[in-house]
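Okay, so the sequence shown: first residue is 1 according to full-length UniProt numbering, each after it adds one.
All C-beta atoms in this analysis are idealised placements derived from N, C-alpha and C, irrespective of residue type, glycine included.
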Amino acid sequence: MEATELLKKVRHIEIKARGLSRNIFAGEYHSAFKGRGMAFSEVREYQYGDDLRDIDWNVTARYNKPYIKIFEEERELTVMLMIDVSESLGFGSRSVLKRDMVAEIAATLAFSAIQNNDKIGVIFFTDKVEKFIPPKKGKKHILFIIREILGFEPNSKGTDLNMAIRYMTNAIKKRCTAFLISDFIDSADYSKALQIANNKHDIVAIQVYDELSTNLKSVGLMKVRDPETGGEQWIDTSSKRVRNAYRSWWENLQNNKNIAFRQSGVDNISVSTESDYVKSLLQLFQQRKH
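Encoded structure:
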């Protein structure tokens, strides 16, 4: 991508994502993604009506009068964007590529996080970790992340969700909220890695898919190419057997994904490139508040 084109896209996404995160998502994001819980703040003398469970017995014994612990919500989060940059994300049957929608969703989440004073980092992955950006705060850092999201060129083409999830689990020591954004086209079993990751961190999965991927249309002979392996072959889409085999492959992929999410307790949404991802994200935020 040319530098001028990249800057134009960065500016466009910055304006759109900043507007969405400020006007729509800021409050929803804050209430949907809590901090790490309650952090100790100070002690003070016991007052009538205070919860007896908050008494600090060590301080009480030292001063011979009851003192209680005061806690505050530990609001600051560390947010990790785990972004699939494999070759299959370059597909789009209409005007929007899966990759473009992934970029907009990631940028919107990034601006929402930064407006809540959260740290944010990124892991770009294919079948290997392509780039790790450690979590930091600030507008400059966010714009660097968005430039990377839009202009990043991976070295590899495949997808290995298992590897990416395990890497994040080990790389981030303190509990974080991690958004795993992918088309989830990976036939390998990543359920165990997801379960371990969600026990340590708070994982949220966002699937971006293209409607054409869900069903093969009957259009006669078609030359198809696997974007990740480069393999090509002719298929007869007018054959019901071929269409059923494709549909079966897609449904198995979705079933495995849904089982992995259910077993690991991961909140998730699926967003079509033809739908409004804003509604889907709001639905996700609402879902997490209940």
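Report yes if the C-beta distance between residue i and residue j is below 8 Å; otherwise report no.
i: M82; j: F144; result: no
i: T237; j: K257; result: no
i: F125; j: D84; result: yes
i: S191; j: Q263; result: yes
i: I133; j: A107; result: no
i: V208; j: I185; result: no
i: K174; j: T60; result: no
i: I123; j: M168; result: yes
i: I70; j: E87; result: no
i: M80; j: I172; result: yes
i: D267; j: Q287; result: yes
i: E232; j: K240; result: no
What are the boundary residues of the alpha helix (DSSP H) that includes residue i?
i: G121; result: Element bounds for G121: not the alpha helix (DSSP H) but the beta strand (DSSP E), K119 to F125.
i: V96; result: No alpha helix (DSSP H) holds V96; DSSP gives it neither H nor E.
i: I196; result: S191 to K200
i: E232; result: Per DSSP, E232 belongs to no alpha helix (DSSP H); it is in the beta strand (DSSP E), E232 to D236.
i: A61; result: W57 to Y63
i: G151; result: K139 to G151
By the three-class DSSP mapping on this structure, what secondary structure does residue i have?
i: E74; result: Summary for E74: the model assigns pLDDT 49, below 50, so the residue's position carries little reliability, and this model does not support an answer.
i: T177; result: strand
i: K223; result: strand
i: Y48; result: coil
i: Y246; result: helix
i: K157; result: coil
i: A106; result: helix
i: S213; result: helix
i: V85; result: coil
i: S112; result: helix
i: R288; result: helix
i: S187; result: coil
i: I68; result: strand
i: S182; result: strand
i: I172; result: coil
i: Q263; result: helix
i: K8; result: helix
On the DSSP letters alone, give me the boundaries of the beta strand (DSSP E) that residue i sits inside.
i: S270; result: D267 to S272
i: residue 301; result: The structure shown has nothing for residue 301, since the chain only spans 1 to 290.
Below 8 Å on the Cβ atoms is my guess for residue i versus residue j; work out the distance and round it to an integer in Å.
i: R44; j: Y67; result: 7 Å
i: T273; j: D210; result: 5 Å
i: I149; j: A197; result: 22 Å between Cβ atoms; not a contact.
i: A205; j: F285; result: With 8 Å as the limit, A205 and F285 do not qualify as a contact, their Cβ atoms being about 14 Å apart.
i: F152; j: K128; result: F152 to K128, Cβ: 14 Å. No contact.
i: I55; j: Y48; result: Not a contact, Cβ separation roughly 13 Å.
Given 8 Å, three or more beta-carbon pairs between the stretch 243-256 and the stretch 207-221: Verdict: yes, contact present.
Cβ pair count under 8 Å reaching 3, the stretch 105-117 against the stretch 153-163: Too few Cβ pairs lie closer than 8 Å, so no.
Contact the stretch 97-107 vs the stretch 259-279: 3+ CB pairs below 8 Å: A contact exists between the stretch 97-107 and the stretch 259-279.
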